[in-house]
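Novice:
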Amino acid sequence: VFGFARSDFATVMDDSLAQDVAIWLAHLRLVQYTAAAQSWCEQMGAVDLNEVKESWQDLADSLKLKVLERKRMERDVGVQSPIAAGPALLPVAPAGLVASTVRFGPPEDPQRYVLCEDIVGTGATATVQKCFRGSEVFAVKTVNLAKMRMNTNFVKSLEKLRREVSILFSLRHPRIVTLYEVIEENDALRLVIELVEGGELFDRIVTSGTFTEPVARYIFVQVVEGLKYIHSKDIVYRDLKPENVLVDAKHSKPPLLQVKLSDFGHSKALDGYSVPMTCVGTPQYWAPEVSEPGRAAMGYDQNVDLWSLGVLLYVMLLGAYPFDGIGARIEDQIRKAHLSFKSETCKSEISEKAKQLIRSLIQVTPTKRLSLDACFTHPWVAAAPGATGLIKKLETVYNPLTVVERVPLPENLKKRAVDGLRRDLDLWMAKYRCSAVIKHMELTATFGLEDDIDMDSVEQGRVELRQLVTHHCGPIVDAVREEFTSFDQELPTVVEGGVVEVHIALQVKPGQGAGLELLPEPSGMRITTVHPVPGQPGLQANDLIAKVNGHELSGDPQAVEDLFENHFEDGAQLVVKRLC
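Residues in the sequence shown are numbered from 1 upward in steps of one, following UniProt numbering.
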């Protein structure tokens, strides 16, 4: 309520304001509300558009905007003015950036990064800015721990943040935002992450209203690629929505957008000791087994992400939620899963193939939802012009020098022990910048996610890792250590009867493959030729691949070939036999 005393504003609205309101609503694609909004302005006595925006919530309530329409208005009025430039005498920054006087880094190198004045985003307890190290530019999310401690849910918020860090450290994929480093200070936690400049996919949908099918298809395939990789790591995303899909403006060629998945605070690792049981994420994207407390209490799995994927595609194509809670409880709408493909935002009918794909994902029965592999071959994706060039298998990116430590865990660990180990592992990962995953009665730690691996640090990390496991789980029965190095490094070998056993990490590059010609044999895959591109350091012609990812290749040659193909991926761990 504006509260103006002048009665003339209550009856007659200035023509310029009426025009401004009409233009503003047209920009928001809310033209159908123009007359009602102008009437509201007259009743409230608004003088100019700024005053209307200041009371946008009252206006939205009066117009009874739908959820996405309300968000559209909220985003528009929430745009902040650019940050003023900093002082002139500052550290030299890469072109286009204004450096601050603030430096930060880990204890061994506290001056590693220089903070920039550029504000990428803000939240209740965190600020995202740019930072740089030499010529490299990153984003840094600074969490104000002092402010966070003032919240009643401080412990839960901190656990959510730690969980996101631990999961991000275990994910290395072109479709997922990369976490490089975590630096803890007295009252702040700094997460150095990949800089993705392009905003949220949600904002692009709000601006466009809807996407054309080719544009939506291009994004859909990328999301499926990222989600498939996440699931391969036994992780449930649980919060797939346009707000968590970032646009990579640097590599996009409008109208086709390159995207990356972000925000893993609600994600859950399926470690064999617990199952997801809580209602987390965003209600409009909830699957039935998440939205209904009774079903959620029995646990759910990665199929919940398939439902959210269908909702995401629906929102991209129709500019509205399939289930918005208008006219009925959103939980009831989700349970019935009735899909209407009519939207005021979408002026044209979407194709039957697109509708069929959405229906196949938004299935009440989890096991009936279309698999991610089947999404790639669905007619809406596969039959599109140029579809074969659109889908590229993108797998995890590894440093050629990688050290893996596998520590077996007891089968019947108590929840208290598992939770305690997880909490300590979160801190351990931040310290050593590596991943540690609890899965199926085994703890797997991977050192060497970045290029600057320090073997002394690795050995110290191993010692601390074993101490943590012993503290929470009791004595370690047996630990397995694997090292994968580039060919010019010392390779782990075992000589038996003139045969050398070599451990190698396979390199598979998008568009290039592995550059190997292979022939299946009863005892493995024989390498007949090694092509120079992309290059396979450590492999040579006549080598025999005896194991892949721990699976022995033996038996019928066709079965050997099928097993190898099932594990053919970038970073696959090979055991190769070679005659001396």
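Backbone N, C-alpha and C fix where the C-beta goes; we use that ideal spot for every residue, glycine too.
Evaluate E164 with the Cβ neighbour count: other Cβ atoms within 10 Å of its Cβ, from every protein chain shown; 16 or more gives buried, anything less gives exposed.
Specialist: As a first step, residue 164 must be located in the sequence shown, where it is residue number 164. Counting Cβ neighbours within 10 Å, E164 comes out buried, since at least 16 surround it.
Novice: Extract the residue ranges of the alpha helix (DSSP H) inside the stretch 7 to 49, only unbroken runs of 4 or more that lie entirely within it.
Specialist: The qualifying runs are 8 to 11, 15 to 27 and 34 to 44.
Novice: Apart from the five residues just before and just after L63, which ones in its own chain have a Cβ nearer than 7 angstroms to its Cβ?
Specialist: In the sequence shown, the residue the question calls residue 63 occupies position 63. Hits under 7 angstroms: Y33, A36 and A37.
Novice: Unbroken alpha helix (DSSP H) runs of length 4 or more, entirely within the stretch 306 to 372: which are they?
Specialist: Entirely contained in the stretch 306 to 372, the alpha helix (DSSP H) runs reaching 4 residues are, in chain order, 330 to 336 and 352 to 361.
Novice: Count the other CB atoms, across all protein chains shown, that sit within 10 Å of the CB of P520; report buried if there are 16 or more and exposed otherwise.
Specialist: Here the question's residue 520 lines up with position 520 in the sequence shown. Buried is the call here.
Novice: DSSP has N151 in a bridge; who is on the other side?
Specialist: The residue labelled residue 151 in the question sits at position 151 within the sequence shown. For N151, which the question treats as bridged, DSSP gives no partner whatsoever.
Novice: Within 8 angstroms, do at least three Cβ pairs link the stretch 121 to 141 to the stretch 232 to 245?
Specialist: Not touching, per the Cβ criterion.
Novice: Leaving out five residues on either side along the sequence, give the residues of the same chain with a beta carbon under 7 angstroms from the beta carbon of N244.
Specialist: In the sequence shown, residue 244 corresponds to position 244, counting from 1. Within the same chain, N244 has close Cβ partners L261, S262 and D263.
Novice: Could you check where the alpha helix (DSSP H) with S208 kicks off and where it finishes?
Specialist: Within the sequence shown, the letter at position 208 stands for residue 208. Run containing S208: L201 to S208, per the alpha helix (DSSP H) assignment.
Novice: Please name the residue or residues paired with T125 in a DSSP beta bridge.
Specialist: As a first step, residue 125 is located in the sequence shown; it is residue number 125 there, counting from the start. DSSP lists no partner for T125.
Novice: With distances taken Cα to Cα, identify the nearest neighbour of L189 among H472, L506, D426 and F564.
Specialist: Indexing the sequence shown from 1 puts residue 189 at position 189. Considering only alpha carbons, the answer is D426.
Novice: Do the CB positions of F323 and I334 come within less than 7 angstroms of each other?
Specialist: As a position in the sequence shown, residue 323 is number 323, starting the count at 1. As a position in the sequence shown, residue 334 is number 334, starting the count at 1. Yes, the Cβ-Cβ distance between F323 and I334 is below 7 angstroms.
Novice: Write down the C-beta distance between G226 and H173 rounded to the nearest angstrom, noting that I regard them as a contact closer than 8 angstroms.
Specialist: Here residue 226 is taken as the residue at index 226 of the sequence shown, counted from 1. Here residue 173 is taken as the residue at index 173 of the sequence shown, counted from 1. With a Cβ gap of about 6 angstroms, G226 and H173 count as contacting.
Novice: Give me the DSSP bridge partner(s) of H578.
Specialist: Position 578 of the sequence shown, counted from the start, is the residue given in the question as residue 578. Correcting the residue type first, residue 578 is Arg in the shown sequence and not His. Beta-bridge pairing links R578 to V500.
Novice: What is the rounded straight-line gap between the Cα of A18 and the Cα of K53?
Specialist: Counting from 1 along the sequence shown, the entry for residue 18 is found at position 18. Counting from 1 along the sequence shown, the entry for residue 53 is found at position 53. So the alpha carbons of these two residues sit roughly 14 angstroms apart.
Novice: If you drop the 5 nearest sequence neighbours on each side, which residues of the same chain put their C-beta closer than 7 angstroms to that of A5?
Specialist: As a first step, residue 5 is located in the sequence shown; it is residue number 5 there, counting from the start. Because the pLDDT of A5 is 36, which lies under 50, any placement of that residue in the model is unreliable, and the number read from its coordinates should be weighed accordingly. Closer than 7 angstroms at Cβ, skipping near neighbours: no residue.
Novice: Measuring alpha carbon to alpha carbon, tell me which of Y229, G474 and Q363 ends up nearest V304.
Specialist: As a first step, residue 304 is located in the sequence shown; it is residue number 304 there, counting from the start. The option with the nearest alpha carbon to V304 is Q363.
Novice: Pull up the distance between the alpha-carbon of I504 and that of Q258, whole angstroms please.
Specialist: Residue numbering aside, residue 504 sits at position 504 when the sequence shown is read from its first letter. Residue numbering aside, residue 258 sits at position 258 when the sequence shown is read from its first letter. Cα-Cα distance, rounded: 32 angstroms.
Novice: What distance in whole Å lies between the Cβ atoms of S360 and L370, which are believed to be in contact at a cut-off of 8 angstroms?
Specialist: Translated into the one-based positions of the sequence shown, residue 370 becomes position 370. Translated into the one-based positions of the sequence shown, residue 360 becomes position 360. The Cβ separation is near 4 angstroms, so the contact holds.
Novice: Which of the three DSSP states is assigned to R103 in this structure?
Specialist: Taking the sequence shown and counting its residues from 1, one reaches residue 103 at position 103. Reduced to three states, the DSSP call for R103 is strand.
Novice: Assuming the contact rule is C-beta atoms closer than 8 angstroms, L68 and A216 should be a hit. Round their C-beta distance to whole Å, please.
Specialist: Within the sequence shown, numbered from 1, the residue matching residue 68 stands at position 68. Within the sequence shown, numbered from 1, the residue matching residue 216 stands at position 216. Actually they do not touch by this definition, with Cβ atoms about 16 angstroms apart.
Novice: With a threshold of 7 angstroms on Cβ separation, who are the neighbours of R416 within its own chain once the five nearest residues in sequence on each side are excluded?
Specialist: On the sequence shown, position 416 is the one that residue 416 refers to. Nothing meets the Cβ criterion.
Novice: Return the bridge partner residues of M525 from the DSSP annotation.
Specialist: Here residue 525 is taken as the residue at index 525 of the sequence shown, counted from 1. Partner(s): P520 and I545.
Novice: Rounded to whole angstroms, how far is the Cβ of V530 from the Cβ of L539, which I believe are closer than 8 angstroms?
Specialist: As a working mapping, residue 530 is identified with position 530 in the sequence shown. As a working mapping, residue 539 is identified with position 539 in the sequence shown. V530 to L539, Cβ: 6 angstroms. Contact.
Novice: Hey, how far is the Cα of N77 from the Cα of S351?
Specialist: Residue 77 sits at position 77 when you count from the first residue of the sequence shown. Residue 351 sits at position 351 when you count from the first residue of the sequence shown. As written in the sequence, residue 77 is Val, which differs from the Asn given in the question. Between V77 and S351, the C-alpha separation is close to 34 angstroms.
Novice: Using the beta-carbon count (16 or more within 10 Å), is residue 623 buried or exposed?
Specialist: Not covered by the structure: residue 623. The range shown for the chain is 1 to 580.
Novice: State buried or exposed for T178, treating a residue as buried only when at least 16 other CB atoms are found within 10 Å of its CB.
Specialist: Numbered from 1 along the sequence shown, position 178 holds the residue referred to as residue 178. Result: buried.
Novice: Which one of E74, L49 and N50 has the shortest CA to CA distance from D61?
Specialist: In the sequence shown, residue 61 corresponds to position 61, counting from 1. Answer by Cα proximity: E74.
Novice: K250: buried (16+ other C-beta within 10 angstroms of its C-beta) or exposed?
Specialist: One-based indexing of the sequence shown puts residue 250 at position 250. Exposed, since its Cβ has fewer than 16 Cβ neighbours within 10 Å.
Novice: Let me confirm a value: H472 is counted as buried when at least 16 other C-beta atoms fall within 10 Å, else exposed. Which label applies?
Specialist: For the purposes of this step, residue 472 is taken as residue 472 along the sequence shown, with counting starting at 1. Classification for H472: buried.
Novice: Have a look at V247 and Y180 and give me their C-alpha separation to the nearest angstrom.
Specialist: Taking the first residue of the sequence shown as position 1, residue 247 is located at position 247. Taking the first residue of the sequence shown as position 1, residue 180 is located at position 180. If you take the alpha carbons of V247 and Y180, they lie about 19 angstroms apart.
Novice: According to DSSP, is R406 part of a helix, a strand, or is it coil?
Specialist: Indexing the sequence shown from 1 puts residue 406 at position 406. Strand, per DSSP.
Novice: Ends of the beta strand (DSSP E) at K260?
Specialist: If you number the sequence shown from 1, residue 260 lands on position 260. First-last of the beta strand (DSSP E) with K260: V259 to L261.
Novice: Could you spell out the range, first to last residue, of the alpha helix (DSSP H) harbouring Y218?
Specialist: To locate residue 218, count along the sequence shown from 1; it is residue 218. Per DSSP, Y218 belongs to the alpha helix (DSSP H) from E213 to S232.
Novice: Should A10 be labelled buried (16 or more other beta-carbon atoms within 10 Å of its own) or exposed?
Specialist: Within the sequence shown, residue 10 is the residue found at index 10, counting from 1. Only weak support is given to the placement of A10: the predicted model assigns it a pLDDT of 38, under 50, and the value that follows is read from those uncertain coordinates. Its Cβ having fewer than 16 others within 10 Å, A10 is exposed.
Novice: Okay, do the stretch 316 to 332 and the stretch 205 to 214 touch, 3+ Cβ pairs below 8 angstroms being the bar?
Specialist: Touching, per the Cβ criterion.
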